[in-house]
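A short write-up of the structure that comes next.
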Amino acid sequence: MALIVEHPQMPYRQMAAELGINDSAMQKHLEKFKELGVIERIGGTRGYWKVKQ
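See the structure below:
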């Protein structure tokens, strides 16, 4: 979550590299956060992550 807060426009592939996990694992984490209503994606591939309070 800290990575998303600090870098909301960072692509998930770059997030995965920063965390040392594979791309599919990062996608699963992001999907879980979206399901829980913690984050939402604003815009498409050039968009950003919004952390909900």
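Going by this note's numbering, the sequence shown opens with residue 4, and the numbers climb by one from there.
For glycine and all other residues, C-beta sits at the position ideal for the given N, C-alpha and C.
Treat the numbers as computed from the prediction; the structure is a model and nothing was measured.
At which residues does the alpha helix (DSSP H) containing residue i begin and terminate?
i	result
K37	26–38
So, at 7 angstroms on beta carbons, what are the nonlocal neighbours of residue i in its own chain, with the 5 sequence-adjacent residues on each side left out?
i	result
M18	L6, M29
Can you find the residues in the same chain that come closer than 6 angstroms, C-beta to C-beta, to residue i, ignoring five residues on each side of it along the sequence?
i	result
K35	none
R16	D26
Identify which residue in the options has its Cα closest to the Cα of residue i.
i	options	result
P14	G46, G40, E38	G46
So residue i packs on residue j, CB below 8 angstroms; how close in whole Å?
i	j	result
V41	V8	With a Cβ gap of about 11 angstroms, V41 and V8 do not count as contacting.
Rounded to a whole number of angstroms, what is the C-alpha to C-alpha distance between residue i and residue j?
i	j	result
K31	Y51	17 angstroms
Q12	E43	12 angstroms
A20	D26	8 angstroms
Q56	G23	27 angstroms
L39	M4	13 angstroms
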